[in-house]
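Step one of this worksheet: look at the structure below.
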Amino acid sequence: MTAALHDGGRVLAESTVVDARRHGELLMPAVDRVLGEAGAAIGDVTGIVVGTGPGPYTGLRVGLVTAAAFGDALGVPVHGICTLDGIAYAAGLAGVEGPFVVATDARRKEVYWARYDSPREPVTEPAVDRPADIAQAVAGLPAVGAGAALYPEVFTDVRAPEHQSAGALAALGALRLAEGAEFAPPLPLYLRRPDAQVPAGYKAVLPK
Amino acid sequence: MADEPLVLGIETSCDETGVGIVRGHTLLADAVASSVDDHARYGGVVPEIASRAHLEAMVPTIQRALKEAGVAASDLDGIAVTAGPGLAGALLVGVSAAKAYAYALGKPLYGVNHLASHICVDQLEHGALPEPTMALLVSGGHSSLLLAPDITSDVRPLGSTIDDAAGEAFDKVARVLGLGFPGGPAVDRHARDGDPKAIRFPRGLTGPRDAPYDFSFSGLKTAVARWVEAQRRDGLDVPVADVAASFQEAVVDVLTRKAIRACKEHGVDHLMIGGGVAANSRLRSLALERCEDAGIVLRVPRRALCTDNGAMVAALGAEMVARNRPSSTWDLPADSSLPVTEVSVPGHSHPHPEEHTHSHDHVHELSKDNLY
Ligand SMILES: [Zn+2]
Numbered sequence: 096m097t098a099a100l101h102d103g104g105r106v107l108a109e110s111t112v113v114d115a116r117r118h119g120e121l122l123m124p125a126v127d128r129v130l131g132e133a134g135a136a137i138g139d140v141t142g143i144v145v146g147t148g149p150g151p152y153t154g155l156r157v158g159l160v161t162a163a164a165f166g167d168a169l170g171v172p173v174h175g176i177c178t179l180d181g182i183a184y185a186a187g188l189a190g191v192e193g194p195f196v197v198a199t200d201a202r203r204k205e206v207y208w209a210r211y212d213s214p215r216e217p218v219t220e221p222a223v224d225r226p227a228d229i230a231q232a233v234a235g236l237p238a239v240g241a242g243a244a245l246y247p248e249v250f251t252d253v254r255a256p257e258h259q260s261a262g263a264l265a266a267l268g269a270l271r272l273a274e275g276a277e278f279a280p281p282l283p284l285y286l287r288r289p290d291a292q293v294p295a296g297y298k299a300v301l302p303k
Numbered sequence: 011m012a013d014e015p016l017v018l019g020i021e022t023s024c025d026e027t028g029v030g031i032v033r034g035h036t037l038l039a040d041a042v043a044s045s046v047d048d049h050a051r052y053g054g055v056v057p058e059i060a061s062r063a064h065l066e067a068m069v070p071t072i073q074r075a076l077k078e079a080g081v082a083a084s085d086l087d088g089i090a091v092t093a094g095p096g097l098a099g100a101l102l103v104g105v106s107a108a109k110a111y112a113y114a115l116g117k118p119l120y121g122v123n124h125l126a127s128h129i130c131v132d133q134l135e136h137g138a139l140p141e142p143t144m145a146l147l148v149s150g151g152h153s154s155l156l157l158a159p160d161i162t163s164d165v166r167p168l169g170s171t172i173d174d175a176a177g178e179a180f181d182k183v184a185r186v187l188g189l190g191f192p193g194g195p196a197v198d199r200h201a202r203d204g205d206p207k208a209i210r211f212p213r214g215l216t217g218p219r220d221a222p223y224d225f226s227f228s229g230l231k232t233a234v235a236r237w238v239e240a241q242r243r244d245g246l247d248v249p250v251a252d253v254a255a256s257f258q259e260a261v262v263d264v265l266t267r268k269a270i271r272a273c274k275e276h277g278v279d280h281l282m283i284g285g286g287v288a289a290n291s292r293l294r295s296l297a298l299e300r301c302e303d304a305g306i307v308l309r310v311p312r313r314a315l316c317t318d319n320g321a322m323v324a325a326l327g328a329e330m331v332a333r334n335r336p337s338s339t340w341d342l343p344a345d346s347s348l349p350v351t352e353v354s355v356p357g358h359s360h361p362h363p364e365e366h367t368h369s370h371d372h373v374h375e376l377s378k379d380n381l382y
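For the protein sequence lines, the chains are A and B, in the order given.
For any residue, its number in the numbering used here is found by taking its place in the first sequence, counting from 1, and adding 95.
For any residue, its number in the numbering used here is found by taking its place in the second sequence, counting from 1, and adding 10.
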């Protein structure tokens, strides 16, 4: 859960907490804190950048619905950025160059991942896979993200950063805005179908 | 009256994205987007599908409600939202949206209880609730008898189901009879052509030593399934209308009998019935008959207000504003098992009862003036 305020030139304030289960409670106090630290009010904001995932659905929805509601209430645009692109950009800021991989934890022994030629050039679409199944595709490449750190047998050259930073995401957003580049729609990249068990008919209660 | 509180309410505890706007006791808008069709083929609400649908529907439904009410978001006196009980992921979409609107618009946020909202919605239909009010809430998620001396702060559970909710029993019996999902309206429709006395199905928890206000529908559901299976096994036709009518009669007989008893034993002369099952025509007619016999005034809102909707949340929010109840803090959690005794949720910063000695350090409630 990460929130930041960016003025087009630099990050004015940022708050990042790693707690996968309390996004709903942490986000608005963090926004309030970030604005307070920067001496700004929500009404000063001229645009919202939001991570569209892939990532755990519940937290993803908290971020997306908050961004959408802010956008509607304030009358400002909401821009989506793939979460993996945000981490790749942060990796660039941390000094990672050349081809590398971003991999985050998708749980169920899988990772969300994509390959990048450089911090702003993804060469594959975000995907969800078992690490062993993508071992060849990522072999020998530096890897960033918490998913890479979880599977050292596949990702043999793990680098920082581990987590998303809203500061980096906002900075990437500001860059794209300045360039007039396209944004993704602020919609979730789920990558998996919803878990939905079809009840197997009704259970007979009388012995046959 | 223009000085009555203007409140927008958001409800996402199950499969309906509801946004309502009320001014005091007046309903201005009731916008609902339902994902029920997406769940039908699963025979029940699938939480992940519901959460996905809420996210898509949230902002458009709010825009629709504001347009329908003909008010500007900036005119609102507060934003209320269901904080629980309900599906955790679904609740969280509504709570997050409510926070963002409240924060961006500089309005107080009210996290309220879904069940109390079901009761309070009747103010939009029949005016101020008498205090106390007895409430029977019946739906696919709840079957409760509640005594409400103050709908904004004091709601007491007298009894509830010990197994299935009444609405669940309707769904399961509809499945046994092959009537589809949701089962309530289908059973009601078929029951109209049937004889409610054709089959004597059991009345759960009505013995002299049983809990007087608790319900049980699991045994009834099983009895219906056994009866239907026995018919089929013996190569006999299943009289769908008679089974539906007899099952429905068993449910509403128990519900109304216990509700009337609760009114009498607590000296309450008003009974409110809410929740999706309150749309059942036989429940309405039997309740009316028995209330008249007992000298009790029955209050049942129109069907659209009985099922889950945003207007009910707005109604409770407006009452909270009118009575100067504390608003919620920005760390308001969504609580899937919020007890009905917690009518509103002032937020995490609020002290737990056992921490009262420290309460002065922790209370940090928001008023309209210090939102930022
Ligand atoms: Zn309900």
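Where a beta carbon is used, it is the ideal one built from N, C-alpha and C, also for glycine.
How close, in whole Å, do the beta carbons of residue i and residue j come, if the pair is a contact with beta carbons under 8 Å?
| i | j | result |
| --- | --- | --- |
| residue 52/B | residue 330/B | Actually they are not in contact, since the Cβ atoms of residue 52/B and residue 330/B sit about 36 Å apart, beyond 8 Å. |
| residue 107/A | residue 133/A | 4 Å |
| residue 194/B | residue 96/B | Wrong, their Cβ atoms sit about 18 Å apart, outside the cutoff. |
| residue 150/B | residue 198/B | With 8 Å as the limit, residue 150/B and residue 198/B do not qualify as a contact, their Cβ atoms being about 14 Å apart. |
| residue 346/B | residue 98/B | 4 Å |
| residue 190/B | residue 148/B | Actually they do not touch by this definition, with Cβ atoms about 20 Å apart. |
| residue 234/B | residue 253/B | 7 Å |
| residue 115/B | residue 153/B | Actually they are not in contact, since the Cβ atoms of residue 115/B and residue 153/B sit about 37 Å apart, beyond 8 Å. |
Looking at the C-beta of residue i, does it have a partner C-beta in chain B at a distance below 8 Å?
| i | result |
| --- | --- |
| residue 137/A | yes |
| residue 167/A | yes |
| residue 248/A | no |
| residue 149/A | no |
| residue 119/A | yes |
| residue 251/A | no |
| residue 161/A | yes |
| residue 116/A | no |
| residue 123/A | yes |
| residue 291/A | yes |
| residue 200/A | no |
| residue 261/A | no |
| residue 228/A | no |
| residue 283/A | yes |
| residue 105/A | no |
| residue 210/A | no |
| residue 164/A | yes |
| residue 156/A | yes |
| residue 127/A | yes |
Using C-beta distances below 6 Å, list every residue in its chain close to residue i, excluding the 5 sequence neighbours before and after it, in chain order.
| i | result |
| --- | --- |
| residue 251/B | 200, 203 and 204 |
| residue 195/A | 211, 236 and 237 |
| residue 262/A | 99, 106 and 109 |
| residue 289/B | 313 and 316 |
| residue 327/B | 17, 19, 88, 90 and 120 |
| residue 233/A | 196 |
| residue 184/B | 193, 196 and 197 |
| residue 125/A | 98 and 110 |
| residue 215/A | none |
Say whether chain A places a C-beta atom closer than 8 Å to the C-beta of residue i.
| i | result |
| --- | --- |
| residue 292/B | no |
| residue 88/B | no |
| residue 63/B | no |
| residue 201/B | no |
| residue 345/B | no |
| residue 45/B | no |
| residue 113/B | yes |
Please return the same chain residues whose Cβ sits closer than 7 Å to the Cβ of residue i, not counting the five positions on each side in sequence.
| i | result |
| --- | --- |
| residue 393/B | A query on residue 393/B cannot be resolved here, the shown segment of chain B reaching from 11 to 382 and no further. |
| residue 102/A | none |
| residue 221/A | 149, 177, 179, 207, 209, 284 and 286 |
| residue 179/B | 227, 230, 231 and 261 |
Keeping to the same chain, check which residues put their C-beta closer than 8 Å to that of residue i; ignore five residues upstream and five downstream.
| i | result |
| --- | --- |
| residue 166/A | 143, 172, 173 and 281 |
| residue 117/A | 96 |
Which parts of the stretch 248–292 of chain A are runs of the beta strand (DSSP E), unbroken and 3 residues or longer, counting only runs that do not cross its ends?
252–254
Write down every uninterrupted run of the beta strand (DSSP E) in the stretch 215–240 of chain A whose length is 3 residues or greater and which is fully enclosed by it, in chain order.
222–224 and 237–239
Runs of alpha helix (DSSP H) wholly within the stretch 275–315 of chain B (minimum 4 residues, chain order):
291–304
Touching or not, the stretch 109–126 of chain B and the stretch 335–344 of chain B, by the rule of three or more beta carbon pairs under 8 Å?
yes
Across the stretch 42–61 of chain B and the stretch 123–139 of chain B, are there enough close Cβ pairs to call them in contact, namely three or more that are closer than 8 Å?
no
If you pair each beta-carbon of the stretch 295–302 of chain B with each one of the stretch 129–136 of chain B, do three or more pairs fall below 8 Å?
no
Is it true that the stretch 185–205 of chain A meets the stretch 243–256 of chain A, where meeting means three or more beta-carbon pairs spaced less than 8 Å apart?
yes
Any alpha helix (DSSP H) of 4 or more consecutive residues that is wholly inside the stretch 217–253 of chain B
228–243
Could you check whether the stretch 209–228 of chain B touches the stretch 162–172 of chain B, counting it as contact only if at least three pairs of C-beta atoms, one from each stretch, sit closer than 8 Å?
yes
Taking only runs that begin and end inside the stretch 20–55 of chain B, name each unbroken beta strand (DSSP E) of 3 or more residues, in chain order.
26–33 and 36–44
Segments of 3+ residues assigned as beta strand (DSSP E) that fall wholly inside the stretch 108–187 of chain A
143–146 and 173–176
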